[in-house]
Every structure is written in structure tokens, then in C-alpha cells.
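Peer 1:
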Amino acid sequence: MKSALLPTYKRIDLSVAKANGTTVEDINGKKYLDFGSGIGVCNLGHRHPDVQKAIEEQLQKYWHVSNLYHNSIQEDVAKLLVENSSGDYVFFCNSGAESNEAAIKLARKATGKTKIITFNQSFHGRTFGAMAATGQEKIQQGFGPMLNTFEYVPFNDVEAVNHAIDENTAAIMLEVIQGEGGVIPANQSFVTDLEQMCKQNNILLIVDEVQTGIGRTGMPFAYNHYGISPDIISVAKGLGNGVPVGAIIAKRKFYDVFGPGSHATTFGGNPISMAAAHTVLQHIFQVEFLQQVETKGENLKKRLIEKVSNLSLVSDIRGEGLMIGIECTRDISTVINQLMQKGLLVLSAGQNVIRLLPPLTVTAKEIDLAVELISETLIENEVLLYS
Ligand SMILES: *Cc1c(COP(=O)(O)O)cnc(C)c1O
Numbered sequence: 002m003k004s005a006l007l008p009t010y011k012r013i014d015l016s017v018a019k020a021n022g023t024t025v026e027d028i029n030g031k032k033y034l035d036f037g038s039g040i041g042v043c044n045l046g047h048r049h050p051d052v053q054k055a056i057e058e059q060l061q062k063y064w065h066v067s068n069l070y071h072n073s074i075q076e077d078v079a080k081l082l083v084e085n086s087s088g089d090y091v092f093f094c095n096s097g098a099e100s101n102e103a104a105i106k107l108a109r110k111a112t113g114k115t116k117i118i119t120f121n122q123s124f125h126g127r128t129f130g131a132m133a134a135t136g137q138e139k140i141q142q143g144f145g146p147m148l149n150t151f152e153y154v155p156f157n158d159v160e161a162v163n164h165a166i167d168e169n170t171a172a173i174m175l176e177v178i179q180g181e182g183g184v185i186p187a188n189q190s191f192v193t194d195l196e197q198m199c200k201q202n203n204i205l206l207i208v209d210e211v212q213t214g215i216g217r218t219g220m221p222f223a224y225n226h227y228g229i230s231p232d233i234i235s236v237a238k239g240l241g242n243g244v245p246v247g248a249i250i251a252k253r254k255f256y257d258v259f260g261p262g263s264h265a266t267t268f269g270g271n272p273i274s275m276a277a278a279h280t281v282l283q284h285i286f287q288v289e290f291l292q293q294v295e296t297k298g299e300n301l302k303k304r305l306i307e308k309v310s311n312l313s314l315v316s317d318i319r320g321e322g323l324m325i326g327i328e329c330t331r332d333i334s335t336v337i338n339q340l341m342q343k344g345l346l347v348l349s350a351g352q353n354v355i356r357l358l359p360p361l362t363v364t365a366k367e368i369d370l371a372v373e374l375i376s377e378t379l380i381e382n383e384v385l386l387y388s
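Residue numbering for the sequence shown follows the working numbering, starting at 2 and increasing by one per position.
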């Protein structure tokens, strides 16, 4: 069938008919266990009943009013974000890229400086500023010249950052666990040193939590594992459980930087997204819920290590909470396809990493089944390759 869509995605041969919890069903009635959650979006599982109810109730009230009017649901969501983070004020937008655009603009306007240091293999989105911030040539290919105010340095390399800092440096922006780049955690000492260097040189620390935030790693935000206090945090993916929404959370000192008329978006913080986000945060920012995420994640990682870490095909298993990467010694696109045939949806990151981002509501039984399917598939490939 001829498609009227621009071919921007390499589509996998799967047409979804419906989804519920951790299960996705295709148009032929085949069921899959979804260990991708979109891309770390449906953190409470597909169509979580409380989120659905909140959205339906909001649909009965009103769908959109301009940001020219007060909106109490925005206040409620912002309150939960600031109560659970190092920030004090929130700006709502519609996506991860847009949240990073806001972070970049805020950093430049607040400091009057222009240079922002980012990292190799980072991913910050596809809009012009976020693309320029992204330290991957393949994302920028054909769209040049980039904004020349970003400098990319090797991840986990303090000396390289130190070298890149100059008097025009406004900010350092990083994912504390690189997602698209291959589920690569920053070292503790690296993050501690970055925060120190930022303080000493009057540079802002921006943490891109678009993928790692909202409970994904067993803490409200992944930076919580590192004991730092970022100036600006960007979030999106998991915030609306499937409804588009993004946000930045900024410290008190930035309150006056974006005055009225300085930065805005028509749809940002729209009531339907806010209704979803409010319910999402009420569930996820509970100590017991986050502890369960951590326990499930530890169990998943431990089970994978037991089952597949001895394979020649597997070079590393890493991650925090329910963000896990299985690094392989070769391209894993066929493995991902084989897993889908067996009824398990997973993601890739980079060329060689199988990335698992199950819903945070995943059950122990679902984890068992996924581990079985992954080990079975990797062992089959191991036998073909190495015997
Ligand atoms: C997905 C992602 C983005 C971009 O988010 P969009 O909603 O696709 O614009 C930015 N940063 C990180 C870390 C991401 O994982």
C-alpha cells in the first residue's frame, strides 16, 4: 500500500490495534509484552485506569484555553515537580526537544553567554537547537551548518570538560545516563566534578532527564543517584504516560529571566496533558512506588546477568532501575526482530545495545517471561555465531 507519510521512520512490521498495561496487541490479535513503553513514555503501562479517568474527566470540562488565562492544573503539576526536584519553577511545553530548547534559551538569557558544552553520543532532540546540542554526527547530517555555540566533549572525561570551559561558557548539559547513546551511565566522580566546576566558573548545570526522569531509574530523577542539584532539569517522555507534554524545572534564581513575552508555546501545559501528568506524578513520586521500581530493576538486571552475561555475544549489562542496556559484540537488529516474533518488544540504543524500558508497573511474572525470551534468543544467536 502506498503511504502518504514522509518516510522518516524505519518501521518495524507491527501494526498496533490496542494496548493495556504491559501488553500490546496487533491487528492480527497477536499479543506482545512491551518492554519499550513507547520509548520510555507509558511508564504506568498502557491506558493506566487512573490516568484514563483523569483525562476523561478533563475532556468533560474543557480542552484548551490560551496560556493568557490562569490554569490551576498547571499549578498542581508544577507543584509536584518542584516538591520532588532541586528546582523551584516550571515552564511547560510539548516534547523533549522543546524542553531542551527552553533550557538552552534560559541558560543563554540568564548568563548573557552563549557556549554550551555537551557530550559525544548524547541525544537532546531534533529541533534546531536541540539537534545542534546533540553530539552525534548522524543526527546532524545534511542540516548544517550547526549552531557553532555547542562544543562536544568525550563523556565521563573531566579533563576534556575543563579544557573546553572558557569565559563565554553558559552551561554544561548532559544526560546522567545517556539513553539513545547506549544506556551509558556517567561516573559518580565525573558528575561530582562537573557540579564543582560549574560552581567555580559560574556555569549552569543542565540535566536532560527526558528519558531518565519521572521514576524510570527508581528515583524521581536520575540525577538523584548522584547527589547533585542541577540548575535546570528538562523532562518529557514519561511525564504524560503517552499524552504529549514536556517541561523544564529551574531554580529560583531564574524566576525573572523569562518575563512575560520572552518565551511561550500555544499548547504547552494544555489541560488534557496536565490531567494525565498530575495523575502520573501522584503515582510515581511515592516512596513505595519508587522502591518497587528499584527492586524490580535490580531483579531484572541480576536475572539477566545470571542468564546471559557469560555469552561471548554479550559484553556488558548495565543501567539503573528499569532502564537497562544489554551491550552485545555485534549489531542487534536481528535479535530485536527475533524477540518481536517471540512476542517481546524491546528497543535498541546505538548499534549494539538492547535497551529495556518496561513500564514501571511491570510485574515479576512479566520480568521472568522477558528474561526467558531474551536468554533463549541470545543463546540461539550465540550457538549460530560461536560454535
Ligand atoms: C527522547 C529524548 C529527547 C527528545 O524528546 P522528543 O520528545 O522526541 O523531542 C531529548 N533528550 C533525551 C535524553 C531523550 O531521550
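Glycine included, C-beta positions come from ideal geometry on N, C-alpha and C. All values derive from a computational prediction rather than experimental measurement.
So residue 247 is in the beta strand (DSSP E); what residue range does that whole segment cover?
Peer 2: Within the sequence shown, numbered from 1, the residue matching residue 247 stands at position 246. First-last of the beta strand (DSSP E) with residue 247: 247–251.
Peer 1: Please classify residue 221: is it buried, with 16 or more other beta-carbons within 10 angstroms of its beta-carbon, or exposed?
Peer 2: Working through the sequence shown from its first residue, we reach residue 221 at position 220. Residue 221 should be labelled buried.
Peer 1: Pick from 350, 272, 282 and 283: whose alpha carbon is nearest that of residue 70?
Peer 2: As a first step, residue 70 is located in the sequence shown; it is residue number 69 there, counting from the start. Of the listed residues, the one whose Cα sits closest to residue 70 is 272.
Peer 1: Give the C-beta separation of residue 246 and residue 213 to the nearest angstrom, bearing in mind that I take them to be a contact with Cβ-Cβ under 8 angstroms.
Peer 2: In the sequence shown, residue 246 corresponds to position 245, counting from 1. In the sequence shown, residue 213 corresponds to position 212, counting from 1. Rounded, the Cβ-Cβ distance is 16 angstroms, inconsistent with contact.
Peer 1: Within 6 angstroms: the Cβ of residue 292 and any heavy atom of ligand 1?
Peer 2: Numbered from its first residue, the sequence shown carries residue 292 at position 291. Residue 292 Cβ: outside cutoff for every heavy atom of ligand 1.
Peer 1: Going by CA-CA distance only, name the one from 355, 211, 187 and 47 that's closest to residue 131.
Peer 2: Here residue 131 corresponds to residue number 130 of the sequence shown, with the count starting at 1. Residue 131 has its Cα closest to that of 211, out of 355, 211, 187 and 47.
Peer 1: Under the three-state reduction of DSSP, which class applies to residue 329: helix, strand or coil?
Peer 2: Position 328 of the sequence shown, counted from the start, is the residue given in the question as residue 329. Of the three classes helix, strand and coil, the one that applies to residue 329 here is strand, per DSSP.
Peer 1: Just tell me which of 44, 309 and 55 has its CA closest to the CA of residue 322.
Peer 2: The residue given as residue 322 occupies position 321 in the sequence shown. Looking at the Cα atoms, 44 is the closest of the given residues.
Peer 1: Please report the residue range of the beta strand (DSSP E) in which residue 19 lies.
Peer 2: In the sequence shown, counting from the first residue as 1, residue 19 sits at position 18. Start and end: 17–21.
Peer 1: So is the beta-carbon of residue 14 under 6 angstroms away from any non-hydrogen atom of ligand 1?
Peer 2: Here residue 14 is taken as the residue at index 13 of the sequence shown, counted from 1. Checking every heavy atom of ligand 1 against the Cβ of residue 14, none is found closer than 6 angstroms.
Peer 1: Could you compute how far the alpha carbon of residue 8 sits from the alpha carbon of residue 200?
Peer 2: What you label residue 8 is simply residue 7 of the sequence shown in a count that begins at 1. What you label residue 200 is simply residue 199 of the sequence shown in a count that begins at 1. Taking the straight line joining both Cα atoms gives about 45 angstroms.
Peer 1: Could you check whether the Cβ of residue 176 sits closer than 6 angstroms to any heavy atom belonging to ligand 1?
Peer 2: Numbered from its first residue, the sequence shown carries residue 176 at position 175. Residue 176: yes, Cβ under 6 angstroms from ligand 1.
Peer 1: Is residue 136 near residue 120, with beta carbons less than 7 angstroms apart?
Peer 2: Mapped onto the sequence shown, residue 136 falls at position 135. Mapped onto the sequence shown, residue 120 falls at position 119. Cβ distance < 7 angstroms, so residue 136 and residue 120 count as in contact.
Peer 1: Is residue 96 near ligand 1, going by C-beta to nearest heavy atom under 6 angstroms?
Peer 2: Numbered from its first residue, the sequence shown carries residue 96 at position 95. Yes, ligand 1 has a heavy atom inside 6 angstroms of this Cβ.
Peer 1: Which whole-angstrom value describes the C-beta separation of residue 320 and residue 302, a residue pair presumed to lie in contact below a C-beta threshold of 8 angstroms?
Peer 2: The residue given as residue 320 occupies position 319 in the sequence shown. The residue given as residue 302 occupies position 301 in the sequence shown. Between residue 302 and residue 320 the Cβ distance is about 7 angstroms, and since that is below 8 angstroms, they are a contact.
Peer 1: Locate the beta strand (DSSP E) running through residue 235, then write down its first and last residues.
Peer 2: In the sequence shown, the residue the question calls residue 235 occupies position 234. Unbroken beta strand (DSSP E) run through residue 235: 233–236.
Peer 1: Let me know the alpha helix (DSSP H) ranges lying completely inside the region 290–343, each 4 residues or longer, listed in chain order.
Peer 2: Counting whole runs of 4 or more residues, the region 290–343 contains the alpha helix (DSSP H) stretches 334–342.
Peer 1: Could you pull out every unbroken alpha helix (DSSP H) segment of at least 4 residues lying fully inside the region 32–99, listed in chain order?
Peer 2: If we require 4 residues or more, the alpha helix (DSSP H) runs fully inside the region 32–99 come out as 38–41, 50–62 and 73–84.
Peer 1: Distance check for residue 79 and residue 369, CA to CA, integer angstroms please.
Peer 2: Your numbering for residue 369 matches position 368 in the sequence shown. Your numbering for residue 79 matches position 78 in the sequence shown. When rounded, the distance between both Cα atoms is 37 angstroms.
Peer 1: Could you tell me which residues DSSP puts in a beta bridge with residue 152?
Peer 2: Within the sequence shown, the letter at position 151 stands for residue 152. For residue 152, which the question treats as bridged, DSSP gives the partners 118.
Peer 1: Is the CB-CB distance between residue 27 and residue 38 below 7 angstroms?
Peer 2: Reading the sequence shown from its first residue, position 26 is the one you call residue 27. Reading the sequence shown from its first residue, position 37 is the one you call residue 38. It is not a contact, given that the beta carbons lie outside the stated cut-off.
Peer 1: With which residues is residue 349 paired in a DSSP beta bridge?
Peer 2: The sequence position of residue 349 within the sequence shown is 348, counting from 1. According to DSSP, residue 349 bridges with 355.
Peer 1: Would the beta-carbon of residue 226 be found less than 6 angstroms away from any heavy atom of ligand 1?
Peer 2: In the sequence shown, counting from the first residue as 1, residue 226 sits at position 225. No, since every heavy atom of ligand 1 falls outside the 6 angstroms radius drawn around the Cβ of residue 226.
Peer 1: Identify whether residue 215 lies in helix, strand or coil by the three-state DSSP scheme.
Peer 2: As a working mapping, residue 215 is identified with position 214 in the sequence shown. Note: residue 215 maps to coil in three-state DSSP.
Peer 1: Between residue 172 and residue 206, what straight-line distance do the alpha-carbon atoms span, to the nearest angstrom?
Peer 2: Position 171 of the sequence shown, counted from the first residue, corresponds to residue 172. Position 205 of the sequence shown, counted from the first residue, corresponds to residue 206. Computed Cα separation, rounded: 6 angstroms.
Peer 1: Taking residue 308 as the reference, give the member of 254, 192 and 379 with the closest Cα.
Peer 2: For the purposes of this step, residue 308 is taken as residue 307 along the sequence shown, with counting starting at 1. The residue with the shortest Cα to Cα distance from residue 308 is 379.
Peer 1: Ends of the alpha helix (DSSP H) at residue 275?
Peer 2: Taking the first residue of the sequence shown as position 1, residue 275 is located at position 274. Per DSSP, residue 275 belongs to the alpha helix (DSSP H) from 272–285.
Peer 1: Does residue 216 pass the burial test, meaning 16 or more other C-beta atoms within 10 Å, or should it be called exposed?
Peer 2: Here residue 216 refers to the residue found at position 215 when the sequence shown is read from its first residue. It is buried - the Cβ of residue 216 has at least 16 other Cβ atoms within 10 Å.
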